[in-house]
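*Asks:*
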Amino acid sequence: MRKTAKLSAILLAAAMAAVSVTGCGGDSKESEASTPTGQSTAAEGNEAEGEKAEAADTEGKTYKVALCLSGAANDMGWCQSAFDGLKLLEADYGCEIAYTENLTPDDIEAAYADYAANGYDVIIGHGYEFGDPAIEVAEEYPDTKFIVTEGEVSAENVASYVSSCEEGGYVMGMLAAAMSESGKVGYIGPIQGASLVKIMNGFEDGAKEVNPDIEVQTAWTGSFTDTALGKEAAQAMIDNGVDVIGHCANESGTGAINAAKEAGIYATGDSYDQNDLAPDTVLSSSVYHIPHVVEVAFSTVVDGTFEGGIYNLGMAEGAVSIAPYHGLEEKIPEDVKAMIDEKVAAITSGEFEVPCDTKAR
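The sequence shown begins at 1004 in this note's numbering and counts up by one.
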């Protein structure tokens, strides 16, 4: 079941007016609640002030929310975006939170089961690979709500929230092609999955809109976290004439950005505004407003409207955007910036629909 969730658009707009992409924290105090062995707890038991906290605690309930990540919570990218969302729930809703980093696919079911057995009300799996394990564990814990980002699964107590990341990928492809002098651009992904393939394909489609003859070189590192593999893949492309590199490779993508920096070529970021990683290298980034997606999903638990399904959110709903050019703005021609602005406006208004192609090419 796939839903557009108009309510999500309203909530996202409100959230974006009040909260920055980086999320916010809160004062912490130690909680007596137990935490699964080997897992990190972030500021458990914190009670936030304000109307959202009161709404979430109308009958004295403090929600326990856990987050499961494939990489590091401070990766300045995909995983940190979800961690910022978790911290937002702590600050704005008074949730008791916990998280686990660097989970491999073989570890996910055990992590889910540990949290559910320890009384967590909501468990968030950040990434498509958390989908099938959520279905397996959810059946055993019907009172626990499972939220999967980029998932393609649903059950009575499992909801997937899919960001239209291909929209950002398309625009980054246009920017890369416009800034390339060699007519060769590259794109690096981690492990193949529908939610990542669609971004890579979007990048290629966007690049070819600008230059139908452009050569787009692609590679999969086979890892979400190995920066050395990302750098190695990028260097191979650089050696082959690529002069702009994009990625959707999570922490592994940091290696690709580092390779671009060392080679003196441009790169595009993903998930987060990654300009800080290499200010003279990262032209822009495709930003996924995961904190707001997390809040939209969690708010349905609080207000009692949670329903299993697959929900899609993109630029029109404020879930995807393009980061500023920062110090590189003067190096980007005015006509290129105008082209990017026009495309973003067309995608947001619905005038242009980015193809969602999930088949590897």
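We put the beta carbon where it would ideally sit given N, CA and C, even for glycine.
For Ser-1287, count neighbouring Cβ atoms within 10 angstroms of its own Cβ and tell me buried if that reaches 16, exposed if not.
*Replies:* Its Cβ being crowded by 16 or more others within 10 Å, Ser-1287 is buried.
*Asks:* Identify the continuous beta strand (DSSP E) that holds Gly-1128 and give its terminal residues.
*Replies:* 1125-1129
*Asks:* Roughly how many angstroms separate the alpha carbons of Asp-1208 and Gly-1176, rounded to a whole number?
*Replies:* Looking at the backbone, the Cα of Asp-1208 and that of Gly-1176 are separated by about 7 angstroms.
*Asks:* Please tell me whether Ser-1166 and Ile-1194 are closer than 9 angstroms, where the distance is taken between their beta carbons.
*Replies:* It is not a contact, given that the beta carbons lie outside the stated cut-off.
*Asks:* Do the segment 1304-1316 and the segment 1227-1246 meet, that is, are 3 or more Cβ pairs less than 8 angstroms apart?
*Replies:* no
*Asks:* Are there 16 or more other CB atoms within 10 angstroms of the CB of Ala-1341, so buried, or fewer, so exposed?
*Replies:* exposed
*Asks:* Classify Ala-1020 as helix, strand or coil using the three-state DSSP reduction.
*Replies:* Since pLDDT at Ala-1020 reaches only 37, below the 50 mark, its modelled position is unreliable, and no value is offered.
*Asks:* Measuring alpha carbon to alpha carbon, tell me which of Gly-1186, Gly-1074, Ala-1363 ends up nearest Phe-1133.
*Replies:* Gly-1074
*Asks:* Flag this pair as yes or no: are the beta carbons of Tyr-1190 and His-1129 separated by less than 9 angstroms?
*Replies:* no
*Asks:* Taking just the CA atoms, how far does Ala-1222 sit from Ala-1085?
*Replies:* 25 angstroms
*Asks:* Going residue by residue through the segment 1282-1318, where are the continuous beta strand (DSSP E) segments of at least 3 residues, counting only ones entirely within it?
*Replies:* 1285-1291, 1312-1316
*Asks:* Shortest alpha-carbon distance to Cys-1071 belongs to which of Thr-1107, Thr-1257, Glu-1170?
*Replies:* Ranking Thr-1107, Thr-1257, Glu-1170 by Cα distance to Cys-1071 puts Thr-1107 first.
*Asks:* When you compare the segment 1271-1283 with the segment 1152-1167, are there three or more beta-carbon pairs, one atom per stretch, that lie closer than 8 angstroms?
*Replies:* No, the segment 1271-1283 is not in contact with the segment 1152-1167.
*Asks:* Just to confirm the assignment, what range does the beta strand (DSSP E) spanning Gly-1272 have?
*Replies:* 1269-1274
*Asks:* Rounded to whole angstroms, what is the Cα-Cα separation between Val-1285 and Ala-1114?
*Replies:* 35 angstroms
*Asks:* Does the segment 1314-1326 come close enough to the segment 1134-1147 to have 3 or more Cβ pairs within less than 8 angstroms?
*Replies:* With a cut-off of 8 angstroms on Cβ pairs, the segment 1314-1326 is not in contact with the segment 1134-1147, counting fewer than three such pairs.
*Asks:* Are the segment 1096-1104 and the segment 1328-1347 touching by the rule of at least three beta carbon pairs closer than 8 angstroms?
*Replies:* no
*Asks:* Below 8 angstroms on the Cβ atoms is my guess for Glu-1184 versus Asp-1242; work out the distance and round it to an integer in Å.
*Replies:* Actually they do not touch by this definition, with Cβ atoms about 16 angstroms apart.
*Asks:* If Asp-1360 and Lys-1201 are in contact, beta carbons under 8 angstroms, what's the gap, nearest whole angstrom?
*Replies:* 6 angstroms
*Asks:* Is Ala-1326 buried or exposed, if buried means 16 or more other CB atoms sit within 10 Å of its CB?
*Replies:* Under a 10 Å Cβ-count criterion, Ala-1326 is classified as buried, with 16 or more other Cβ atoms of the shown protein chains found around its own Cβ.
*Asks:* So Gly-1186 and Glu-1212 are in contact, right, with Cβ under 8 angstroms, and what is the actual spacing, rounded?
*Replies:* Contact flag wrong, Cβ pair sits at about 15 angstroms.
*Asks:* Cβ atoms of Ala-1069 and Thr-1103: under 9 angstroms apart, would you say?
*Replies:* Taking 9 angstroms as the Cβ cut-off, Thr-1103 and Ala-1069 qualify as a contacting pair.
*Asks:* What's the C-alpha gap between Leu-1091 and Ala-1348?
*Replies:* Each residue's alpha carbon lies about 28 angstroms from the other.
*Asks:* So, for Asn-1105: in the same chain, excluding its five sequence neighbours on each side, which residues have a beta-carbon less than 8 angstroms away from its beta-carbon?
*Replies:* Closer than 8 angstroms at the Cβ level, and outside the excluded window around Asn-1105, lie Leu-1072, Ser-1073, Gly-1074, Ala-1075, Thr-1228.
*Asks:* Given a threshold of 16 other Cβ atoms within 10 Å of its Cβ, counted over all protein chains shown, does Asp-1338 qualify as buried or as exposed?
*Replies:* exposed
*Asks:* Give the straight-line distance between the Cα atoms of Gly-1312 and Asp-1110, rounded to the nearest whole angstrom.
*Replies:* 24 angstroms
*Asks:* Going by C-alpha to C-alpha distance, which of Tyr-1275, Asn-1214, Met-1240 sits closest to Tyr-1269?
*Replies:* Met-1240
*Asks:* Can you tell me whether Lys-1346 is buried or exposed? The criterion is at least 16 other CB atoms within 10 Å of its CB, across all chains shown.
*Replies:* buried
*Asks:* Compute the beta-carbon to beta-carbon distance between Tyr-1275 and Met-1079, rounded to the nearest angstrom, for a pair I have assumed lies under 8 angstroms.
*Replies:* 6 angstroms
*Asks:* Taking all protein chains shown into account, decide if Glu-1254 is buried (16 or more other Cβ within 10 angstroms of its Cβ) or exposed.
*Replies:* buried
*Asks:* Applying the criterion that 16 or more other CB atoms from any shown protein chain within 10 Å of the CB defines a buried residue, is Glu-1153 buried or exposed?
*Replies:* buried
*Asks:* Measure the Cβ-Cβ separation of Val-1365 and Gly-1205 and say whether it is below 9 angstroms.
*Replies:* Nothing can be reported for residue 1365, as the shown portion of the chain is limited to 1004 through 1364.
*Asks:* What do you get for Glu-1310, buried or exposed, if any count of 16 or more other CB atoms within 10 angstroms of its CB means buried?
*Replies:* exposed
*Asks:* When the Cα atoms are used, what is the spatial distance from Tyr-1123 to Asn-1077?
*Replies:* 23 angstroms
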